[in-house]
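Residue numbers (the numbering used here): 4 to 85. Even glycine gets a Cβ: it sits at the ideal position worked out from N, Cα and C. Below is one structure, written out as structure tokens, with a few remarks after it.
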């Protein structure tokens, strides 16, 4: 198995890329791995997961910590099995 690195190519508006292999490649099949950078997220496109990760573990010293909540959930799940 051989590998070659191709120059950076543009992804078109149809989410397609086009590659031209060197003439020295005589194989009939190839695996393609696409490596790309994620675009920067603006404040308008924050995901729920990223929002939740930004929240403090215990807001203003009130409430339960993440560990306490996880323990409570585990206890509830275990009670379902009994």
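Ranked by Cα distance from residue 25, the first of 6, 53, 82, 70 is 6. Nearest in C-alpha terms to residue 9, of all of 18, 28, 74, 72, is 28.
Separation of the CB atoms of residue 22 and residue 12 is rounded to 7 angstroms, and the pair is thereby assigned contact status at 8 angstroms. Secondary structure at residue 69: helix, using DSSP grouped into helix, strand and coil.
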